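Counted the way my numbering counts, the sequence shown spans residues 23 to 446.
Using N, Cα and C, we set each Cβ at its ideal position, and we do this for glycine too.
All values derive from a computational prediction rather than experimental measurement.
Just below is one structure, and these are the notes that go with it.
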Amino acid sequence: MFRLLILTILSFPLYAGSLNIEVEAEEAILLNGKTGKVLFEKNGYEPAFPASTTKMATALYALHLVDDPSSITFVADQDSIASITPQAKKQSLYRSPPHWLETDGTHMSIKLGEEIPLIDLLYGSLVGSANDASNVLAKNLGGTIPKFMEDLNQFLKTLGCENTYFLNPHGLHHPSHVSSPYDLALIAKKGLENPLFREIVSTSRYSCPQTNLEEERTIVQSNLLLRPSSPFYMESAIGVKTGNTQAAGKNLVAAIETDDRMLIGVLLGVRDTRAAVYQQMQKMFAAATQEKKMRRTLLPPGVTNLTTKVPGGRKKLKTYLPHGFVYDYYPSEETEVQASVVWNFPLLPIAQNAQVGTLRLSDPEGNLVSETPLLTSEPISPTLLTQATHYGREGGAIWFFLALAAAILLFFVWLFRTRNRPRR
Numbered sequence: 023m024f025r026l027l028i029l030t031i032l033s034f035p036l037y038a039g040s041l042n043i044e045v046e047a048e049e050a051i052l053l054n055g056k057t058g059k060v061l062f063e064k065n066g067y068e069p070a071f072p073a074s075t076t077k078m079a080t081a082l083y084a085l086h087l088v089d090d091p092s093s094i095t096f097v098a099d100q101d102s103i104a105s106i107t108p109q110a111k112k113q114s115l116y117r118s119p120p121h122w123l124e125t126d127g128t129h130m131s132i133k134l135g136e137e138i139p140l141i142d143l144l145y146g147s148l149v150g151s152a153n154d155a156s157n158v159l160a161k162n163l164g165g166t167i168p169k170f171m172e173d174l175n176q177f178l179k180t181l182g183c184e185n186t187y188f189l190n191p192h193g194l195h196h197p198s199h200v201s202s203p204y205d206l207a208l209i210a211k212k213g214l215e216n217p218l219f220r221e222i223v224s225t226s227r228y229s230c231p232q233t234n235l236e237e238e239r240t241i242v243q244s245n246l247l248l249r250p251s252s253p254f255y256m257e258s259a260i261g262v263k264t265g266n267t268q269a270a271g272k273n274l275v276a277a278i279e280t281d282d283r284m285l286i287g288v289l290l291g292v293r294d295t296r297a298a299v300y301q302q303m304q305k306m307f308a309a310a311t312q313e314k315k316m317r318r319t320l321l322p323p324g325v326t327n328l329t330t331k332v333p334g335g336r337k338k339l340k341t342y343l344p345h346g347f348v349y350d351y352y353p354s355e356e357t358e359v360q361a362s363v364v365w366n367f368p369l370l371p372i373a374q375n376a377q378v379g380t381l382r383l384s385d386p387e388g389n390l391v392s393e394t395p396l397l398t399s400e401p402i403s404p405t406l407l408t409q410a411t412h413y414g415r416e417g418g419a420i421w422f423f424l425a426l427a428a429a430i431l432l433f434f435v436w437l438f439r440t441r442n443r444p445r446r
């Protein structure tokens, strides 16, 4: 028998213990990729120029559309590899197609008519940050690149990206091409839930097989946190994407895994050296990994005031907690919690120390934070009516009715004798 009882036990202020981190980036955020909790932010919800971190969204949407990227080969057309100089782009006041490549941008040197598997385009885009790879996959998946971008923007809204609007699949600068640190963290979080996306963004080196027009290509990871030979290498790093334009500055979306957290950091608008963006990211990660868990005791071990009526029981059920009820949390992730009891009564009679329910703690989104068993502090026996009903259901109906008939007969015998007793 199940019964659900919601009881609010304690309420904590949302994000009360955010980490205090000094970063030079114009915008930044640090997020727990498992829970979605924000540990730290600096202008974290403000639109900014994302540069090549855009490619995370392009690849994520491609993987949303195609189950097996290794089974599909795309052909590069002229629109996918058309280019313009940065100077001409500015002089046109950005009236040129936003997806046109820039002559000094990063690319795979894809040739007109070249046939490339989608999987290699994804590696080229995410690992090597190749702008032409992003264009080719967008053109082939969308029919036209503008149509792909229209669909991509709609897809990103379903992820909760409220401050993102992309005009091209690669992130080359356009004044209206923007995102926020929080939105980019959401995109990275969603991407890292996809095994293939996660595998690609954690790769340090990849070889693209020979195509119809090009010899084998070797693609090297642009994220120095993932290169073993780099002074910024982190063994715990699992991705995800770099970005750099003159307008955007140096950008980095990165993720590491610890024992119980996946940390996603975003830095936008670092105006210092290339090394600075990695140093600031490592500073954010260090602040989180050095954080110690705290414990709140919501209910101590022993008898509780959580009682309820058991249908068919002689008395109210009283409970106790063998281990108490505690809430372990990182201070930067302290949040409102709600406690609830899920009753699960065994068949009567209920013995002392039997588990009769579970006490659960959930966050505002309904995610389970912790749970502990709830036991009986006293035995509960059934009422006579419950026993009789149960006995009948167990196959003793005949004996039950015989006993009932005997009881009725005895009653009438007693009544007859009482009425016919001589009066004195």
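With contacts defined by Cβ atoms closer than 7 Å, residue 226 and residue 243 form a contacting pair. The Cβ-Cβ distance between residue 196 and residue 188 does not fall below 7 Å.
Counting C-beta pairs closer than 8 Å gives three or more between the segment 279-287 and the segment 53-61, which meets the contact rule. Excluding its 5 nearest sequence neighbours in each direction, residue 106 has C-beta neighbours in its own chain below 6 Å: 118, 122, listed in chain order. Using a C-beta cut-off of 8 Å, the segment 397-407 makes contact with the segment 366-386, since at least three inter-stretch Cβ pairs fall below that distance.
In terms of Cα proximity to residue 289, the closest of 41, 43, 47 is 47. Assigned with DSSP and collapsed to three states, residue 380 falls in strand. Per DSSP, the unbroken beta strand (DSSP E) holding residue 63 starts and ends at 60-64. Within its own chain, the residues whose Cβ lies closer than 8 Å to the Cβ of residue 185, once the five positions on either side in sequence are excluded, are 67, 68, 69, 200, 201, 202, 204, 205, listed in chain order. Taking a C-beta distance under 7 Å as the contact criterion, residue 308 and residue 278 do not qualify as a contact pair.
Boundaries cannot be given for residue 130, as no alpha helix (DSSP H) includes it and DSSP labels it neither H nor E.
Between the beta-carbon of residue 163 and that of residue 84 there is about 6 Å, and that keeps the pair under the 8 Å contact cut. Listed as beta-bridge partners of residue 350 by DSSP are 317.
Distance from the CA of residue 341 to the CA of residue 357, rounded to the nearest whole angstrom, comes to 27 Å. If you look at residue 153, you'll find it in the alpha helix (DSSP H) that goes 153-164. Taking C-beta separations shorter than 8 Å and ignoring five residues to either side along the sequence, the partners of residue 45 in its chain run 64, 289, 302, 305, 306, following chain order. Excluding sequence positions up to five before and after residue 210, its CB lies within less than 8 Å of the CB of 55, 78, 261, 262, 263, 275, 277, 286, 288, all in the same chain and listed in chain order.
Classified as buried, residue 59 has 16 or more neighbouring CB atoms from the shown chains inside 10 Å of its CB.
Contact fails between the segment 127-138 and the segment 163-172, because fewer than three Cβ pairs, one in each stretch, are under 8 Å apart. Taken through DSSP and simplified to helix, strand or coil, residue 82 comes out as helix. Close CB contacts of residue 169 within its chain, under the 7 Å cut and outside five residues either way in sequence, are absent. Looking at the backbone, the Cα of residue 337 and that of residue 310 are separated by about 50 Å.
In this structure, 271 is the residue among 359, 313, 271 with its C-alpha nearest to the C-alpha of residue 298. The continuous stretches of alpha helix (DSSP H) do not include residue 247, and DSSP gives it neither H nor E. Counted as a single uninterrupted DSSP element, the alpha helix (DSSP H) harbouring residue 212 occupies residues 203-214.
For residue 228, the three-state secondary structure derived from DSSP is strand. The beta carbon of residue 152 is closer than 7 Å to those of 128, 129, 130, 146 in its chain, skipping five residues each way along the sequence. Taking the C-beta atoms as reference points, residue 144 is found nearer than 7 Å to residue 91. Residue pairing for residue 284: DSSP places it in a beta bridge opposite 279. Around the beta carbon of residue 239, 16 or more other beta carbons sit within 10 angstroms, so the residue counts as buried.
For residue 104, the CB contacts under 6 Å within the same chain, skipping 5 residues up- and downstream, are 122 in chain order. Bounds of any beta strand (DSSP E) do not take in residue 189, whose DSSP letter is neither H nor E. DSSP lists 383 as the beta-bridge partner residues of residue 392.
The DSSP-derived three-state label of residue 177 is helix.
DSSP places residue 342 in the uninterrupted beta strand (DSSP E) bounded by 341-343.
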